[in-house]
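Protein chains in written order, with the numbering used here: chain A, 325 to 809; chain B, 325 to 809; chain C, 325 to 809; chain D, 325 to 809.
As structure tokens, this is what we get:
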């Protein structure tokens, strides 16, 4: 069912896993600031939980990597924190930038600049990341490293200031400011230079559309800056696409390893027979608009299939990292933007209940919809023809009552995709251990492995053994027909 | 149980009830703008429902007033929309203002200014409000009129601009700007002059703390401007208190009728035996801080029982309008502000379920806690010694499955309050008919009377008959011991 | 909607209401014995609640009749307990009986026999029933009296003996023994002679098929003798039909008042498009088989539309008492008897939840299905052409959260029936006060009026006032469109 | 945690597993008759499912035994069907019986009688059981064989006749007739003689008190004969105890292997501080009365700790088979028998919900209460000092959402018992595959392995892998602290 060289593993990130122990705190990121703001806590925008009470991968990476190995996995994805590498600004270090209006069409970092940047970088952070990666490689694991996972250095993005003065008037407006594109390229250059010998595959960033949509549209989600603005949504999306493209160029100039991007895909289904147009629009908005920029170079006009092409943006992707959690169901509406996402399906369900279609929901209220993984993989492959890795798939399930079947069922559909010739190279479960789930804090438990946050003790959940067995057998056949959905 | 002259009736407001029919739209208020903003709708901050699809009290007031009469009631409270009376700014009309720093310590409106203001006022709006009030009086009902219920004219408050530029940089920042105090006094003067012959009791404003806390702290509630800021919370609270005091002076200079203020009270209970201090602090914050300003003239230092007294602020209240929906349960915490409101009680419950103490919850997720009405009435009376009217008490209950007992149980405790010598003069249920429930739109049904929003047809819910019977008998004795809670 | 002479009232019975106070115990019935049997209690067949802790209508009838009057009702149905009238056997008193095999084709009670029987009857019981009826009549209420409601004298039916020895070997096998038909005629004669001057309409028995099916088929319901036997089911059904016919003859020979029978009807609906045949069979079994016996004289072959006609059985019904609680949904099956009743609908739902069709369910787990009252009324009228009275309709709803709408909705459909020319003369709600609900004991609360079983204090539930208002207006129009189902 | 020679395995039985395939039907048992009786099906006493649609272990035992082996288990318990060995009566074959009144104090089966019996036995059945056992032994598994698991041959017990004529008047009254004791000894002799070379440990019978209490007290459970009678309950209990003792003697005269009995134990807990006496009484009734008979020889007076001792009954047990599913919570009551089992705990919960103490419940409505396994093991060991095997422990959990943790948690407490010196030699999970769950039919899924009843295909549930891993490691430490209860 799954070939021997298929990657089975887990995905981790920086901010959500690293802190929790001695010398592990990184207080230089926007999220670190954001989650302790008293107004945010009082308003319920964030949970009040603090990342420094986390699982401490920063110190316990050997133990965790050992668990990964023990569970028969052969791959792992980790993240690097920009704010750890550059706690202070890099804006003063000049690099060669070509601009076209507000667009950043080229960034070149010569040796001199690179050396300045490496000098500026935090030595302790680099040392620790190297130790982590060396430990991973020493265990024979395939290593995927992601450069940006939601967090930005405070010197680049201060969401409290954005709120106070408005995004247009703030100096530290993060991805809203196109200069962030340049700084990201600098950061990418340093990381590629430092860890190029250890990393098997690179990803520039994780779920850029989540950063933009939760930050600027669905502001009740509590993502910084929780500042409602369509303009900011669009601008930060375009700037992230440019940041990816410029980082792609820079990394490729340093190493020959594949460079991809991780994106949260959601297949869209019609609520009724009159919703075909709505599905098409929502699919474009949700899954294609951003990816079209960095593959076809098609830029900008969101809500319509743009024809404008930028040469400097096309063909900037070697593989696609597919994060899949659940689907969306939409119906056509007359009002802008032409579709409406229905509650009771996908992300819009009551926690620990059932969706309107009768599927179980997670403790997050997300519908378990395994078939969606097949459908979206097929759709992506048909459109882009690139190889893929499932870089995230998992469930908030503190009692581990659904996770075993969740894995079996999703792998069943992934096996079907392979059989149909869709080029998927691996499956990384989210996640190995319980983690800090952003605005939700520690309440959402995604770990195959439970973490006692007081003692930091790790303890397998049953599903870990089930996943391990599946990996060993490279097949879910043994379980398949007992799956209740 | 209830004396013959006890007021039994219902409360209505302007924005939530008036629109829905011919010539009934008022598009000049902040809320009108707010609820149709595409980003607000996309983000889920507001429902997407529009007030112009409402029950149309503007045209159907005779029918509704007739129902009130038919149900044996003898009192009604309505609201006047500032933006209807003054669709355009009144800032250019000079009145006599005394300031002390940012404080507005006196506003005097002489005859000349009053005439200018009356001329500026919208004649059609004044005519219709007069028709409504005359109809109410013709039916022998006691009339309470409230001047401000959440909404502000756009010329005074543009929440989209506040969000865009920040509250400090916005020109139309509503109650954040102390000049709003002066404008409110002008508006009060005109209304008092126009309707003084019809109104039995005045209320300046409704639930000022809800405007401030939902607008600037609990921003997920979707109240304008949904802009998190403790400073803005405090400043708008103080300015509303000043606005009340200045309006009080102005109205009293024109009519001799009682002038009160309507406030949403929530009794606070300890989670455990170590929460006494938390209860004290939360009671002060929730129920006393604002009221202390306009009774004792104690100004400003929130979170502590302030000793600073302003002569121009004290003794500005003839009666207290008590809105009561549910309670709060708190426990002590070390972190600011010293208490934490517990979920699973009061406002923090799952809809249509049960609270952690086993009480039913409404479709809003509010715990039905009838005893709280007694406790809070006693606490208010002990502190202020003023007469009270319950100006709101009701439940989102579309199937009318709880409302009958809700009324019986709350009136049981209100009867107990009367028996204990607490000076409560009336009980106005919220509300007669289903209404536009702010950011929640039409989904929350508070009406004793159902409204078909398509046809605008009214239809009694069973609880209306039960309430009517209780009014007739001035007692709930017949039902009391069958109450399941 | 409802004509002025339409009967609105309540139904009561003997065993379920009478006991609870001084001198009110009747220990001579099968049910009295049954509910205190230790094995029955241990097995969960019965609740362990005892009827002598009941509401005490025996002593409090004046108060309860007064409530009936106060609620605007104009009719009431009560029951007489056979075991009160005849605590000891009447088998030794000879009457004229014609037999044909096991069939009892005629019973004639001449004056001499009647006098002997009247002498044998318990004088105190007769006196008290007369007092109750006189009080009812003095209040201007229409009086319907039912002679048999589930209970039998122990001398006729000892369910513990039936269980011990088998129904065939037991001497006191109740309706299984055709001699019970003769004894019932004697009892009917005495009652007709004693109360003929007071009673407006007679019913011989209540829900004969419930006695047979719960006693001999659905034995988990805990009805005596809980003895599974198809033969006994059939035989007791036929004997009850004969008992009705013979009692009909006897009563008509004494008084000219209408004599009917009360039957629990359940309309049957198909689960799918292939269930038409199943519906037809189940309708016949559930609703027609018994009624066909006493109207058309068609006897016996259950599960098929029998053509055998007995002259002595036909045309023995002046009106039909319709008890309606909920519906049944069936699908066709190959196995006997050709249909299967589906769970999740009708009587087969989880308590206080929703049916598979989304209708609310009672605390008994019975689906609220108001339309069924229309459908079954129409079906009965089409088949028999007799006038009807709804003699029971109500809901186990201790919190009164559904009952108001339950009444409104059922009366809406009853109004539609009247409009369509169906001859329904009244609606008697089950019931005025909380009662002893057979094997379920006091846990199921059917009262418009709550009874504190300790103090016997009565207290209105809100729905009582709503029903009263509807009676006053002879219409549910005011409420109709607010009904949530 | 668990020693190397600890037995880990599964328990199966005959009737629940064997049928389903070619030549697998055994139509000679009481249960076979019982579950197809139309009245039983119509009444809901039984499900209507039929055992001949079962998993077909009769033909698929090799595949199933292979799965047992593959899952790292080292032990299995199976059952033999009396009615397969003796489809026709053995009463005519004389053996040497000593009687004392109704008591059977000794049964001796000499060679001649044994040969007659072996000749009478069904050769095909013996051959197939031998094949099954040889296959089990060939796989290196420890084999425990149980002789009687609920079912009796029809020639000994016809529950439909019992119902028809009463238990006292029926000739085929099963354990009610003390002659069944003699027949059981004959059956035991034959089985011991036939399979003595293959069996490692014997159990005479499974859960005798379930047969008696569900058959004669809790008759709604649908066990034959569903005939309420305390006398029959007591008599069948005593006769089963005698049957065990006589079979013990006979088996020991043939083989030297340990002979035990499997009993369903439920630890009893007090509802409050005043329930100590109730707990003592209920513990005696539920767990000790029967066991005292076959260990101490204490006979008969149930509900009191009897002092009468029968020499022929004492010391008849080599080990105790402990079946543990859940607990009981009781409170003291004045009425007989002095305690009341509370709903909302133990066996009395709503399916797939939570108990009143917050523990999860199974699809059977049984509370998951792992600590009870420790408590009852300790209580049994303290009283009897015999070695034990957990012969059943499992859960109806079709979605496998609880089973993994169910196993982990129960093994955690079993490990604690071992550590405390309690002599438990093994843990057999109920069960390997989904089975026919008596009156509940196939709706309750207890299998580690799912069975498609149409195709008979087996498919692992995830928990099977988890159990297998635990067996491999002889420890639950890896999972222990992630257990949510």
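The beta carbon of each residue, even a glycine, is placed where N, CA and C say it ideally should be. These figures come from a predicted structure and were not determined experimentally.
{"Asked": "At a Cβ threshold of 8 Å, is residue 730(A) touching chain D?", "Found": "no"}
{"Asked": "Is residue 370(A) buried or exposed, if buried means 16 or more other CB atoms sit within 10 Å of its CB?", "Found": "buried"}
{"Asked": "So, under 8 Å CB-CB, residue 589(D) and residue 731(D) are touching, yes? Tell me the CB distance rounded to an integer number of Å.", "Found": "That belief does not hold up - the Cβ atoms of residue 589(D) and residue 731(D) are roughly 18 Å apart, past 8 Å."}
{"Asked": "Hey, is residue 790(D)'s beta-carbon within less than 8 Å of any beta-carbon in chain A?", "Found": "yes"}
{"Asked": "Using DSSP with H/G/I as helix, E/B as strand and the rest coil, what is residue 372(B)?", "Found": "coil"}
{"Asked": "Which chain C residues sit within Cβ distance under 8 Å of residue 493(D)?", "Found": "489, 490 and 493"}
{"Asked": "Taking 8 Å as the threshold (beta carbon to beta carbon), is residue 542(A) in contact with chain B?", "Found": "yes"}
{"Asked": "Report the rounded CA-to-CA distance for residue 655(A) versus residue 670(A), giving the unit in angstroms.", "Found": "14 Å"}
{"Asked": "Look up residue 339(C) in the DSSP assignment and say whether it is helix, strand or coil.", "Found": "coil"}
{"Asked": "Quick one: which chain A residues come within Cβ less than 8 Å of residue 774(D)?", "Found": "805 and 806"}
{"Asked": "Which whole-angstrom value describes the C-beta separation of residue 457(D) and residue 522(D), a residue pair presumed to lie in contact below a C-beta threshold of 8 Å?", "Found": "4 Å"}
{"Asked": "Taking 8 Å as the CB-CB limit, is residue 726(C) close to chain B?", "Found": "yes"}
{"Asked": "Quick one, which residues of the segment 634 to 662 of chain D are near chain C if we go by CB-CB under 9 Å, in chain order?", "Found": "659, 660 and 661"}
{"Asked": "DSSP puts residue 645(A) in a beta bridge; with which residues?", "Found": "586(A) and 713(A)"}
{"Asked": "Quick one, are the C-beta atoms of residue 407(A) and residue 483(A) less than 8 Å apart?", "Found": "no"}
{"Asked": "Check whether the Cβ of residue 375(C) lies closer than 8 Å to any Cβ atom in chain B.", "Found": "no"}
{"Asked": "Can you pull the chain B neighbours of residue 363(A), defined as C-beta to C-beta under 7 Å?", "Found": "541, 552, 553 and 554"}
{"Asked": "Buried or exposed for residue 388(A), please, with buried defined as at least 16 other CB atoms from any protein chain shown within 10 angstroms of its CB.", "Found": "buried"}
{"Asked": "Can you pull the chain A residues whose beta carbon is under 9 Å from the beta carbon of residue 369(B), in chain order?", "Found": "543, 544 and 552"}
{"Asked": "Can you tell which of 392(C), 373(C) and 372(C) has the C-alpha that lies nearest to the C-alpha of residue 381(C)?", "Found": "392(C)"}
{"Asked": "Looking only at C-alpha atoms, which of 782(A), 766(A) and 764(A) sits nearest to residue 772(A)?", "Found": "782(A)"}
{"Asked": "In angstroms with no decimal places, state the Cα-to-Cα distance between residue 362(A) and residue 545(A).", "Found": "17 Å"}
{"Asked": "Per DSSP, what kind of secondary structure is residue 457(D) in: helix, strand or coil?", "Found": "helix"}
{"Asked": "DSSP three-state label for residue 450(C), please.", "Found": "helix"}
{"Asked": "On the premise that residue 336(C) lies in contact with residue 403(C), defined as a C-beta separation below 8 Å, what is that separation, rounded to the nearest angstrom?", "Found": "7 Å"}
{"Asked": "With DSSP as the reference, label residue 529(A) as helix, strand or coil.", "Found": "strand"}
{"Asked": "Assuming residue 723(D) and residue 691(D) are in contact, meaning their beta carbons sit under 8 Å apart, how far apart are those beta carbons, in whole angstroms?", "Found": "Not a contact, Cβ separation roughly 18 Å."}
{"Asked": "State yes or no: is the beta carbon of residue 723(C) nearer than 8 Å to at least one beta carbon in chain B?", "Found": "yes"}
{"Asked": "Can you find a C-beta in chain B that's less than 8 Å from the C-beta of residue 784(C)?", "Found": "yes"}
{"Asked": "Restricting to runs no shorter than 4 residues, where is the alpha helix (DSSP H) found entirely within the segment 598 to 638 of chain C?", "Found": "600 to 607 and 613 to 619"}
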